[in-house]
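Residue numbers for the sequence shown, in UniProt numbering: 1 to 834.
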Amino acid sequence: MKKLSHLLLLMVLGQYLHAQQLLTNRTDKNSFPLVNGTAAAIYTDSTDDWLVNKVATLLQADVEKVTGKKPALIHNIADAPANVVIIGTCDRSRMLQSLRNSNKISYGDLNGKWETYRIQTLVKPFAHIEKALIIAGSDKRGAAYGTLELCKQIGVSPWYWWADVPARKQETLHVNSTARLSTPPTVKYRGIFINDEAPAFANWTKEKFGGFNHKVYEKMFELLLRLKGNFLWPAMWGNAFSDDDTLNPVIAHQWGIVVGSSHHEPMLRAHDEWRRYGKGPWNYVRNDSSLRDFWRKGIMRMQQHESIVTIGMRGDGDEPMTEGTATALLESIVKDQRQIISDVTGKPAAATPQLWALYKEVQDYYDKGMRVPDDVTLLLCDDNWGNIRKLPPAGAPSRGGGYGIYYHFDYVGDPRNYKWINTNNVARVWEQMHLAKAYGADRIWIVNVGDLKPMEFPISFFLDYAWNTNDLNEDNLRKYYTLWAGEQFGTAYATRIGDILRRFGQYAARRKPELLDAGTYSLTAYKEATRVLSEWETLLADAEAVYAAVPADHKDACFQLVLHPVKAFTIVHQLYHAVAMNRQYAAQHDTTANSWADKAKQLYISDSLLSIQYHQLAGGKWNHMMDQTHIGYTYWQQPASNSMPAVSYITRHQPAAITPDTPKDTLPYFSFAAAAYTNALHRGGIRWKVIPDIGRTGDGITTFPVTRSLPLNKNSPCLEYGFFSADTGKIAVSCYFSPTLDFTGGKGLKYAISVDNEAPVIVGLHENGDWNKWVADNVISRTTSFRLRQPGKHTIRYWMISAGIVLQQITASYGTLPASYLPPPATVNDHEHY
Ligand code: REL
Numbered sequence: 001m002k003k004l005s006h007l008l009l010l011m012v013l014g015q016y017l018h019a020q021q022l023l024t025n026r027t028d029k030n031s032f033p034l035v036n037g038t039a040a041a042i043y044t045d046s047t048d049d050w051l052v053n054k055v056a057t058l059l060q061a062d063v064e065k066v067t068g069k070k071p072a073l074i075h076n077i078a079d080a081p082a083n084v085v086i087i088g089t090c091d092r093s094r095m096l097q098s099l100r101n102s103n104k105i106s107y108g109d110l111n112g113k114w115e116t117y118r119i120q121t122l123v124k125p126f127a128h129i130e131k132a133l134i135i136a137g138s139d140k141r142g143a144a145y146g147t148l149e150l151c152k153q154i155g156v157s158p159w160y161w162w163a164d165v166p167a168r169k170q171e172t173l174h175v176n177s178t179a180r181l182s183t184p185p186t187v188k189y190r191g192i193f194i195n196d197e198a199p200a201f202a203n204w205t206k207e208k209f210g211g212f213n214h215k216v217y218e219k220m221f222e223l224l225l226r227l228k229g230n231f232l233w234p235a236m237w238g239n240a241f242s243d244d245d246t247l248n249p250v251i252a253h254q255w256g257i258v259v260g261s262s263h264h265e266p267m268l269r270a271h272d273e274w275r276r277y278g279k280g281p282w283n284y285v286r287n288d289s290s291l292r293d294f295w296r297k298g299i300m301r302m303q304q305h306e307s308i309v310t311i312g313m314r315g316d317g318d319e320p321m322t323e324g325t326a327t328a329l330l331e332s333i334v335k336d337q338r339q340i341i342s343d344v345t346g347k348p349a350a351a352t353p354q355l356w357a358l359y360k361e362v363q364d365y366y367d368k369g370m371r372v373p374d375d376v377t378l379l380l381c382d383d384n385w386g387n388i389r390k391l392p393p394a395g396a397p398s399r400g401g402g403y404g405i406y407y408h409f410d411y412v413g414d415p416r417n418y419k420w421i422n423t424n425n426v427a428r429v430w431e432q433m434h435l436a437k438a439y440g441a442d443r444i445w446i447v448n449v450g451d452l453k454p455m456e457f458p459i460s461f462f463l464d465y466a467w468n469t470n471d472l473n474e475d476n477l478r479k480y481y482t483l484w485a486g487e488q489f490g491t492a493y494a495t496r497i498g499d500i501l502r503r504f505g506q507y508a509a510r511r512k513p514e515l516l517d518a519g520t521y522s523l524t525a526y527k528e529a530t531r532v533l534s535e536w537e538t539l540l541a542d543a544e545a546v547y548a549a550v551p552a553d554h555k556d557a558c559f560q561l562v563l564h565p566v567k568a569f570t571i572v573h574q575l576y577h578a579v580a581m582n583r584q585y586a587a588q589h590d591t592t593a594n595s596w597a598d599k600a601k602q603l604y605i606s607d608s609l610l611s612i613q614y615h616q617l618a619g620g621k622w623n624h625m626m627d628q629t630h631i632g633y634t635y636w637q638q639p640a641s642n643s644m645p646a647v648s649y650i651t652r653h654q655p656a657a658i659t660p661d662t663p664k665d666t667l668p669y670f671s672f673a674a675a676a677y678t679n680a681l682h683r684g685g686i687r688w689k690v691i692p693d694i695g696r697t698g699d700g701i702t703t704f705p706v707t708r709s710l711p712l713n714k715n716s717p718c719l720e721y722g723f724f725s726a727d728t729g730k731i732a733v734s735c736y737f738s739p740t741l742d743f744t745g746g747k748g749l750k751y752a753i754s755v756d757n758e759a760p761v762i763v764g765l766h767e768n769g770d771w772n773k774w775v776a777d778n779v780i781s782r783t784t785s786f787r788l789r790q791p792g793k794h795t796i797r798y799w800m801i802s803a804g805i806v807l808q809q810i811t812a813s814y815g816t817l818p819a820s821y822l823p824p825p826a827t828v829n830d831h832e833h834y
C-alpha cells in the first residue's frame, strides 16, 4: 500500500519534474527487481572512478534503509546473483565496455556529453544473470547523478542527513523497463556558497566536527551531488578551505565537486590566507610581486582538482578597490594571473575554467569597457537581494566562457543583514533565473546560502531548476511545492505541506524579519497589522496540525522544514504586534498597555525557546544552527545579541478621549490584484502570463517572451482593469511591482498607464527611485494621476513597454490613502468585477 501511494505521488505530481520515472508497480518481464524478496547486487569495476564506487555504497545503504534488505556490493560479475545493478562510466568501466563490444548495450548517445546518464534494463546479459539494471554515466558525475536519482526515487531524500528526513519504507522495488537517457544539465556549473557562516554554522561545525574540515565538507559534497549540484564556494569567514584541512580539496575532487573561491578571493586563495600569510599590503601597484607569489600558490595547490578560478581583484576583503583604480591596471592584473595559471599548469590559461565576477563596483569596470579574455565566464550578479543587475543583451554573440549568475538567499550588508531564516519566495527565484536563462546566462549558477540550513527548500529549487530549466514554468510552478513536500513527507502530506511552504514563501518574502519592527504594519489602515498577523496565525495552526499528524519518525524533519520557519516568523510578528499595541495604549495612558507589555515579553522569551527547541532536535544534532541574532537591529549590521523592543507600563489609568480614525479607511479606492484584469490584450506575439504567488499578497503578471520589449504604440499589449465610479475628479493610480532592476543596462525599465481614452503616460520604473527602500519593502510602486471626467464605467490600461516587469497590484484612489506597508487589500480579485 505504501509502495502504491508513493508511486502514485511520483506519477501524478512528478511527471514534469521527473520526466524519467524510474519505479513501477506494474512489473513485466523486463522490469528490474531491485528488491523482491531479496535485494539485487550492485556491481562496479573496482578500477572505475572513486565516485562510482562511492555512489554504489550510497545506493546500497539507501536500499537497505528503504527495504531492510542490504544489496551485496560486488566487483566480480561471477559473484552476481540473478539480478544485478551495474554502475559505471562509459570510458572507465571495463564491464560497460565489454557489454558494448558484445552489442548488448549501446551508449553512443552518451559520448562526449557532460554529466549525462542512461538507465536501462538488460535481460540475460550473462548466462547466470537474469536481469541487469545498467546505470551508465557519460562521466563520473553522470554515473553519480543516475544512481542518486534512483536513490531519491526509491524514497531517500537528498536531505536525509541534513534535515533528518526518514527513508520511506517499502517492501519491494521494481525499476521499469523503459530505457532512459537524461539530458545534459541546462547549467554547466550549479553550486552553493557557504557564507556569513558565523555564528550559526561556524559554532555548529566547531562543536560537531571540530571546524570546517573534510568531515563536514564530505557531508556537503554528498548533499550537493544528491541535489545534482557540482560546484562550491566554501566557507570563508575566517576559514580557508585548502589551508584549514589539506584533505578538503582532495576529497572534493573525489566527490566530483568543482571548487572555486568567492568573488573577491582570486586564484583559489581564501581571503583569510592573506591575513595568515600575506606579506605587505593588498595593493597591486605597491606589492605586485608578493601578490603574484601568493596567487601562484593557489594554482600550484589546485593540481588536477577540478576548479573554477576566480580572477580579477577587489579591495582587501569584500571592499572596492581604491577610488580611481584604473581599468588598465585591472586588465594587467588579469593578464598576470593568467600567466601564472599558464606557467603553473603548463597549458594555455584558457584550459583552466575561470570566472570574473561583476559584483558590486566591478560591474562598473565592465560597463566602462574593461574586458577579460573570451574563455573567462562573466559571472553576473544580483543586487544581493535576489534582483539580477545585469544580463547579456538578448541575442548577444556567444562568448567562449559564457555568462553565469551569482545569486543570494542570504546577505550581510545594506540595507540590513538577512541571515536568520529562509525568506526566499521561490516564485521570484524562478522568475529571475528564468530571465537569466532566457538571456543566455547559463554557464554557472551559484547561490549564497548562508549557513546552508535552514535554506533546504530554496536550495533544492535552485539546483533542480539549474539542472533542467525546461522542467519548471509559470504554469506548473505550484506543483513544485507539493512534489518537494511529497519527497520529504510522502503522499499523505504532500498537498498540505506543499501549500504551507507556498504560503510561507510568499509571506516571508514581504519583509526580512531583521527589518520588521512594531511600526511595519499599520494598526489602523485596513486593519493591516491584524490581517497580516492572522494570516501567520492561520498558517501556524496549519503547520502545527500537520506536525501533530506526521508519524513520529518524521517529526524532526517536519519541525525543521515546516513548523520552525512558520512558528519563528509568527512569533516575531506577534511580538511586534504586541509591542505596537502596548505603545498605542501607553500613548493613551491606558493600562491595557500593561497586558500587551507582558505579552510582548512572553513572546520574546518564546522566540529564544523556539531556538532552543531547534537546538535540541535529534539529540542536539543541530545545536547552534539557530544562533543567529535577529531582534534588535538598529542599522545594517547585526546586534551582538537579541534585545527586547522597548515597552512601557502605565500606572495611572487616564485614557485620552479617542478620536475615531475610521474616515481614513472609508476613502473610496479600488484595488486590483494584477491577475484580476478585465481583459488581457496579447498582441504582436507577446502574451500576458500569470506567475503564481510571486507578489507580496498574490500572483504577479508579466509578458512572455521575456526577451522582447516593444516601443509603445496603440497596438501594444495591454491589460485592462474596469471599475465603476459614481465620483469624478482627480484619481491616483498606483502600480506595485516586483523590484526588478534594469538588467539591460539601460536607463530604467518602462511601462505606460492610461485611464479611459486619455493618452498613455510612460512611466520609468526606476526613475528617482530609492534602491534601499525597494529591497527592504520588496516592491517598487509608482503613482500616476488622472482625471475621471464623468461618473460611470472606467478602464485603467496598463501597457507593456519593457520586458521583465512583474506587476503585482494596481490601486486607484481619490485623495491620499492612509499609510500602510502592503497596498490596500484587493477589492477586486477576479475577472468578474466589471
Ligand atoms: O554576499 C557576498 O557576496 C559578500 O558579502 C561576501 O561574499 C563577502 O565575502 C563577505 O561574506 C565577507 O567578506
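We treat Cβ as the ideally placed atom computed from N, Cα and C, and that holds for glycine.
Exercise. With which residues is Met-800 paired in a DSSP beta bridge?
Worked result: Walking along the sequence shown from the start, residue 800 turns up at place 800. In DSSP, Met-800 forms a bridge with Tyr-751.
Exercise. With respect to the alpha helix (DSSP H) encompassing Phe-559, which residues constitute its N-terminal and C-terminal limits?
Worked result: Taking the first residue of the sequence shown as position 1, residue 559 is located at position 559. Unbroken run through Phe-559: none, as it is neither H nor E.
Exercise. Do the stretch 768-781 and the stretch 707-717 touch if we need at least three Cβ pairs shorter than 8 Å?
Worked result: no
For this session: Give every residue of the same chain whose Cβ lies closer than 6 Å to the Cβ of Ala-675, excluding the five residues on either side of it in the sequence, and list them in chain order.
Result: By one-based count along the sequence shown, residue 675 stands at place 675. Excluding positions up to five away in sequence, the list reads Val-690, Asp-699, Ile-701.
Exercise. Any idea what DSSP makes of His-573, helix, strand or coil?
Worked result: By one-based count along the sequence shown, residue 573 stands at place 573. Helix at His-573.
Problem set entry | Environment of Asp-475 [buried if 16+ CB atoms lie within 10 Å] | For the purposes of this step, residue 475 is taken as the residue at position 475 of the sequence shown. With fewer than 16 other Cβ atoms within 10 Å, it is exposed.
For this session: Between the Cα of Lys-124 and those of Asn-111, Val-84, Tyr-107, spot the shortest distance and give me the residue it belongs to.
Result: Working through the sequence shown from its first residue, we reach residue 124 at position 124. Checking every option, the nearest Cα to that of Lys-124 belongs to Val-84.
Exercise. How would you write the range of the alpha helix (DSSP H) that Asn-287 sits in, first residue to last?
Worked result: Sequence index remark: in the sequence shown, residue 287 carries index 287 (1-based). Here the alpha helix (DSSP H) through Asn-287 covers 284-302.
For this session: Find out if the Cβ-Cβ distance for the pair Asn-715, Arg-683 is shorter than 7 Å.
Result: To locate residue 715, count along the sequence shown from 1; it is residue 715. To locate residue 683, count along the sequence shown from 1; it is residue 683. The answer is yes: Cβ separation under 7 Å.
Exercise. From which residue to which residue does the beta strand (DSSP E) around Gly-404 run?
Worked result: Position 404 of the sequence shown, counting from 1, holds the residue named residue 404. 403-408 is the extent of the beta strand (DSSP E) around Gly-404.
Problem set entry | Tyr-411 in three-state terms, based on DSSP | Numbered from its first residue, the sequence shown carries residue 411 at position 411. Strand.
Exercise. Who are the near neighbours of His-831 in its chain, counting only those whose CB is closer than 8 Å to its CB and skipping five residues on each side?
Worked result: By one-based count along the sequence shown, residue 831 stands at place 831. Residue confidence is low: His-831 scores 46 on pLDDT, short of 50, so the model does not pin down where it sits. Its coordinate-derived value is still stated next. So the list reads Ala-676, Tyr-677, Thr-678, once near-sequence residues are dropped.
Exercise. Going straight from the alpha carbon of Ala-509 to that of Ala-826, what length do you get?
Worked result: Sequence index remark: in the sequence shown, residue 509 carries index 509 (1-based). Sequence index remark: in the sequence shown, residue 826 carries index 826 (1-based). Cα to Cα, the separation comes out at about 19 Å.
For this session: State yes or no: is the C-beta of Val-239 nearer than 6 Å to some heavy atom of the ligand REL?
Result: Counting from one through the sequence shown, the residue named residue 239 turns up at place 239. A small correction: the amino acid at residue 239 is Asn; Val does not occupy that position in the sequence shown. Not under cutoff, so the answer is no.
Problem set entry | Meets three-Cβ-pair contact criterion under 8 Å: the stretch 179-189 and the stretch 444-454 | yes
For this session: Return the CA-CA distance between Ala-438 and Asn-468, expressed in angstroms with no decimal places.
Result: The residue you call residue 438 lines up with position 438 of the sequence shown. The residue you call residue 468 lines up with position 468 of the sequence shown. Rounded to the nearest angstrom, the two C-alpha atoms are 13 Å apart.
Exercise. By a C-beta neighbour count over all protein chains shown, 10 Å radius and 16 as the cutoff for buried, is Val-285 buried or exposed?
Worked result: Reading the sequence shown from its first residue, position 285 is the one you call residue 285. Classification of Val-285: exposed, given that the 10 Å Cβ count is below 16.
Exercise. By the 10 Å Cβ neighbour count, where 16 or more other Cβ atoms means buried, how is Thr-662 classified, buried or exposed?
Worked result: Locating residue 662 in the sequence shown gives position 662, where the first residue counts as 1. Any answer about Thr-662 is weak, because its pLDDT of 48 lies below 50 and its placement is not dependable; what the coordinates show is given next. Counting Cβ neighbours within 10 Å, Thr-662 comes out exposed, since fewer than 16 surround it.
Exercise. Taking buried to mean at least 16 other C-beta atoms within 10 Å of its own C-beta, is Phe-724 buried or exposed?
Worked result: Start at 1 with the first residue of the sequence shown, and residue 724 comes out as number 724. Classification for Phe-724: exposed.
Problem set entry | Pick from Asn-582, Thr-591, Gln-602, Asp-244 that is closest to Leu-652, judged by C-alpha positions | Walking along the sequence shown from the start, residue 652 turns up at place 652. What sits at residue 652 in the sequence shown is Arg, not Leu. Residue Thr-591 is the option with its Cα nearest to Arg-652.
Exercise. Cα separation between Lys-664 and Glu-331?
Worked result: Looking up residue 664 in the sequence shown gives position 664. Looking up residue 331 in the sequence shown gives position 331. Annotation note: pLDDT 47 at Lys-664 (below 50); position unreliable, coordinate value reported separately. One C-alpha to the other measures close to 59 Å.
Problem set entry | Leu-380 beta carbon less than 7 Å from that of Ala-441 | Mapped onto the sequence shown, residue 441 falls at position 441. Mapped onto the sequence shown, residue 380 falls at position 380. Yes. Within cutoff.
Exercise. Among residues of its own chain, excluding the 5 on either side of Gly-758, which ones have a beta-carbon nearer than 7 Å to its beta-carbon?
Worked result: The sequence position of residue 758 within the sequence shown is 758, counting from 1. Here residue 758 is Glu; the residue named in the question, Gly, does not match the sequence. Around Glu-758: Phe-786.
For this session: Look at the alpha carbon of Leu-223 and the alpha carbon of Asn-213, and state the distance between them as a whole number of angstroms.
Result: In the sequence shown, the residue the question calls residue 223 occupies position 223. In the sequence shown, the residue the question calls residue 213 occupies position 213. The straight-line gap from Cα to Cα measures roughly 16 Å.
For this session: Report yes if the CB atom of Leu-155 is closer than 7 Å to the CB atom of Val-66, and no otherwise.
Result: For this step, residue 155 is matched to residue 155 along the sequence shown. For this step, residue 66 is matched to residue 66 along the sequence shown. This sequence places Gly at residue 155; Leu is not what is there. Cβ atoms of Gly-155 and Val-66: closer than 7 Å.
Exercise. Is there at least one non-hydrogen atom of the ligand REL closer than 6 Å to the beta-carbon of Ser-781?
Worked result: Here residue 781 refers to the residue found at position 781 of the sequence shown. No - the ligand REL has no heavy atom lying nearer than 6 Å to the Cβ of Ser-781.
Problem set entry | Gly-440, enclosing alpha helix (DSSP H) - first and last residue | One-based indexing of the sequence shown puts residue 440 at position 440. No alpha helix (DSSP H) holds Gly-440; DSSP gives it neither H nor E.
For this session: Could you spell out the range, first to last residue, of the alpha helix (DSSP H) harbouring Leu-268?
Result: Counting from 1 along the sequence shown, the entry for residue 268 is found at position 268. Neither: Leu-268 is in no alpha helix (DSSP H) and is coded neither H nor E.
Exercise. What alpha helix (DSSP H) runs, 4 residues minimum, are completely inside the stretch 435-507?
Worked result: 456-467, 477-489
Exercise. Between Ala-580 and Val-647, is the Cβ-Cβ spacing less than 7 Å?
Worked result: Position 580 of the sequence shown holds residue 580. Position 647 of the sequence shown holds residue 647. It is not a contact, given that the beta carbons lie outside the stated cut-off.
Exercise. How would you call Met-95, buried or exposed, if buried means at least 16 neighbouring beta carbons within 10 angstroms?
Worked result: For the purposes of this step, residue 95 is taken as residue 95 along the sequence shown, with counting starting at 1. With 16 or more other Cβ atoms within 10 Å, it is buried.
For this session: Could you tell me which of Leu-358, Ser-290, Gln-613 sits nearest to Gln-337, measuring between CA atoms?
Result: For the purposes of this step, residue 337 is taken as residue 337 along the sequence shown, with counting starting at 1. When each option's Cα is compared against that of Gln-337, the closest is Ser-290.
For this session: Please go through the same chain and pick out, in chain order, the residues whose beta-carbon is closer than 6 Å to the beta-carbon of Ser-802, but skip the five residues on each side of it.
Result: The residue labelled residue 802 in the question sits at position 802 within the sequence shown. Excluding sequence neighbours, Ser-802 sits near Ser-709, Leu-749, Lys-750.
For this session: State yes or no: is the C-beta of Leu-227 within less than 7 Å of the C-beta of Val-175?
Result: For the purposes of this step, residue 227 is identified with residue 227 of the sequence shown, where counting begins at 1. For the purposes of this step, residue 175 is identified with residue 175 of the sequence shown, where counting begins at 1. No; because the gap between Cβ atoms is not below 7 Å, this pair is not in contact.
Exercise. So what does DSSP say about Val-175, is it helix, strand or coil?
Worked result: The sequence position of residue 175 within the sequence shown is 175, counting from 1. If DSSP states are grouped into helix, strand and coil, Val-175 belongs with the strands.
Problem set entry | Euclidean distance between Cα positions of Gln-613 and Asp-45 | As a working mapping, residue 613 is identified with position 613 in the sequence shown. As a working mapping, residue 45 is identified with position 45 in the sequence shown. One C-alpha to the other measures close to 46 Å.
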